[in-house]
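Just below is one structure, and these are the notes that go with it.
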Amino acid sequence: MNLEGKSALVTGGSSGIGSCIALKLAEHGADIVIIDRKHKEEAAEIINKIEAMSRKCIFFQTDVSNFNNAGKIVDDVVKEFGGLDILVNNAGINWDGVIWKMTEEQWDSVIDINLKGYFNYIRAAAPIFREQKSGKIVNVTSINGLRGKFGQANYSASKAGIIGLTKTVAKELGKYGINVNAVAPGLIETDMMKQATEEVRKMAIEEIVLKRIGLPEEVADVVAFMCSEMARHITGEVIKVDGGQYI
């Protein structure tokens, strides 16, 4: 996979799955833009690693749910890099609770970042991609957007919304040569999962066909593929990276 000369914007790109995606795209030759509302120190580490690969990397600290900021940032990226080729929407949060106890703040916070944030950056990048008649959009969703999960009505709804958004935007932008796809991870070895008790880990692994928790790098590998010309005839798809957890 060759991404030489490409520029990629990754939201939520300074930690977890997002940082692995940023690093993986840089490994394949892309210059990187990282968006994150927190994790400034982690972002500095990622920037150093990417620059050590002789790639450019810039960081914007902002909340992806801010519509106006998205447009300004994308404009700045185009000025800095001369264009934008790849958008990876990855930023997300969870704030769990059963539906009869969930507050409006819990619902709105998760929907604003997980779903509206994706819309904001697609909306900002779409005119650029249309004018170029090229572009790759990859949205990170979740298998819980396909099946739902107890105690995660807000999170599951946001991830299901991402899938609907992906398919609709794929139809709208396809005639301009733009590929729009989603990647749906299952249980992944993030910092949160590393803090889980051994009992919780064993219970989780039981529903995974491959009997192990996935790695962030394994999600990043699929995202990199979807951003490459190897996936040029794939659009509107949701690729599960879950070790068979969904089935």
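Numbering (our numbering), first residue to last: 896 to 1142. Glycine included, C-beta positions come from ideal geometry on N, C-alpha and C. A quick note: this is a predicted structure, and the numbers were derived from the prediction, not measured.
Assuming residue i and residue j form a contact by the criterion Cβ under 8 Å, report the distance between their Cβ atoms to the nearest whole angstrom.
| i | j | result |
| --- | --- | --- |
| N1076 | I1134 | 7 Å |
| G1109 | V1078 | About 11 Å separates the two Cβ atoms, so there is no contact after all. |
| A925 | A903 | 4 Å |
| K919 | A1091 | Not confirmed; about 25 Å, so no contact. |
| N897 | H934 | With a Cβ gap of about 29 Å, N897 and H934 do not count as contacting. |
| V1033 | M1121 | 5 Å |
Give me whichever residues DSSP pairs with residue i in a beta bridge.
| i | result |
| --- | --- |
| G1030 | I1073 |
| T902 | A small fix is needed here, since residue 902 is Ser in this sequence, not Thr. Beta-bridge pairing links S902 to D926. |
| L982 | L904 and I1032 |
| P1111 | DSSP, once it has assigned bridges, lists no residue as partnering P1111. |
Does the distance from the C-beta atom of residue i to that of residue j stay below 8 Å?
| i | j | result |
| --- | --- | --- |
| I1058 | L1082 | no |
| V983 | I1073 | no |
| L1047 | D1007 | One point to set straight first is that residue 1047 is Gln, not Leu, in the sequence displayed. No; because the gap between Cβ atoms is not below 8 Å, this pair is not in contact. |
| I1023 | V969 | yes |
| A1009 | G1043 | It is worth fixing the name first, because residue 1009 is Asn in this sequence and not Ala. No, the Cβ-Cβ distance between N1009 and G1043 is not below 8 Å. |
| G1131 | K1070 | no |
| G1159 | V959 | Residue coverage of the chain in this structure runs from 896 to 1142, which leaves residue 1159 outside it and unanswerable. |
| L1068 | A1021 | yes |
| G1138 | R1107 | yes |
Taking the alpha carbon of residue i as the point to measure from, which residue in the options has its own alpha carbon closest?
| i | options | result |
| --- | --- | --- |
| A1055 | I1142, P1022 and P1080 | P1080 |
| D971 | E999, I988 and I929 | I929 |
| T998 | H923, K1028, N1049 and K935 | N1049 |
| C952 | N985, V993, K996 and V905 | V905 |
| E1124 | Q1001, N985, I927 and K1031 | K1031 |
| F976 | G900, V1033 and S1051 | G900 |
| V1114 | V1095, T1085 and H1128 | T1085 |
Handout entry: Any 3 or more C-beta pairs closer than 8 Å across the segment 907-919 and the segment 940-957
Key = Three or more beta-carbon pairs separated by less than 8 Å link the segment 907-919 to the segment 940-957, which places the two stretches in contact.
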